[in-house]
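Trainee:
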Amino acid sequence: KRDDLTDTSASGNKLRKLEFSIGRALDEQATTLITCGGVQSNHCRATAIVAASLGLRCHLILRGREESPPDGNHLLERLAGAGI
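In structure tokens form, the structure reads like this:
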């Protein structure tokens, strides 16, 4: 659990949880990651950032009202190129 050694844009327990599922997706030569969560979900933000860093597409299914303009995690997901 050396979070100081991981990428700060997507670190912590969310990144550790994604390690195995994204590893499997890469093993299976997936090109797109799909996940769901709340509009300010840390899990969705981490997934979007990791997908972008690996050159994978990411689609997010978000619960809740979309902010306009987007802010917080929702903004970061969009900046990472996630489809929402």
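For the sequence shown, position 36 matches number 191 in my numbering, and the numbering has no gaps at all. No residue lacks a Cβ here, since even glycine has one placed at the ideal position from N, Cα and C.
Look at the alpha carbon of LEU230 and the alpha carbon of ALA237, and state the distance between them as a whole number of angstroms.
Mentor: Taking the first residue of the sequence shown as position 1, residue 230 is located at position 75. Taking the first residue of the sequence shown as position 1, residue 237 is located at position 82. Each residue's Cα considered, the two are about 10 Å apart.
Trainee: Relative to the C-alpha of PRO225, which candidate in LEU211, CYS213 and ARG200 has its C-alpha closest?
Mentor: Taking the sequence shown and counting its residues from 1, the one referred to as residue 225 is at position 70. Among LEU211, CYS213 and ARG200, the Cα nearest to that of PRO225 is on ARG200.
Trainee: Taking DSSP's pairing of strands, which residues face THR190 in a bridge?
Mentor: Here the question's residue 190 lines up with position 35 in the sequence shown. Per DSSP, LEU215.
Trainee: May I have the straight-line CA-CA distance separating ASN168 from GLY227, to the nearest angstrom?
Mentor: Translated into the one-based positions of the sequence shown, residue 168 becomes position 13. Translated into the one-based positions of the sequence shown, residue 227 becomes position 72. Near 19 Å, if we compare the C-alpha coordinates of GLY227 and ASN168.
Trainee: In terms of alpha-carbon separation, which member of GLU174, THR187, HIS198 and LEU173 lies closest to LEU217?
Mentor: Taking the sequence shown and counting its residues from 1, one reaches residue 217 at position 62. Cα-wise, what sits closest to LEU217 is HIS198.
Trainee: Measuring CA to CA, which of LEU188, GLY178, LYS172 and VAL194 is closest to SER223?
Mentor: Counting from one through the sequence shown, the residue named residue 223 turns up at place 68. Looking at the Cα atoms, VAL194 is the closest of the given residues.
Trainee: Among CYS191, LEU234 and GLY219, which has the Cα closest to the Cα of ALA207?
Mentor: The residue labelled residue 207 in the question sits at position 52 within the sequence shown. Nearest of CYS191, LEU234 and GLY219 to ALA207, Cα basis: LEU234.
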